[in-house]
Amino acid sequence: MPNGYEVVPPPIGIAVSSLPNGATQETVGGISYFTYGGAWYQPSYTNGGVSYMVVAKPG
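Sequential numbering from 5 applies to the sequence shown in my numbering.
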């Protein structure tokens with residue numbers, strides 16, 4: 005884009021500490037995910053906290 009920027013989904017395989025505002029929960033094959041802007045996030049619970057792994061669209 006000549007005079008602007010383009011927002012793209014985060015790369016698959018990274019972990020983020022929080023979800024973007026507006027993320028919605030979806031259940032696919034009995035597994036809970038969150039999705040926003042074309043990205044899919046799978047929660048990971050460790051050491052009493054939660055992080056979210058960016059994953060490929062389930063299906």
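Virtual Cβ for every residue (Gly too), placed ideally from N, Cα, C.
Would you give the residue range spanned by the beta strand (DSSP E) that residue i belongs to?
| i | result |
| --- | --- |
| residue 60 | Neither: residue 60 is in no beta strand (DSSP E) and is coded neither H nor E. |
Any idea what DSSP makes of residue i, helix, strand or coil?
| i | result |
| --- | --- |
| residue 30 | strand |
| residue 42 | coil |
| residue 37 | strand |
| residue 11 | coil |
Can you name the residues that DSSP bridges to residue i?
| i | result |
| --- | --- |
| residue 53 | 50 |
Given that a residue counts as buried once 16 or more other Cβ atoms are within 10 Å of its Cβ, and exposed if not, what is residue i?
| i | result |
| --- | --- |
| residue 60 | exposed |
| residue 19 | exposed |
| residue 9 | exposed |
| residue 49 | exposed |
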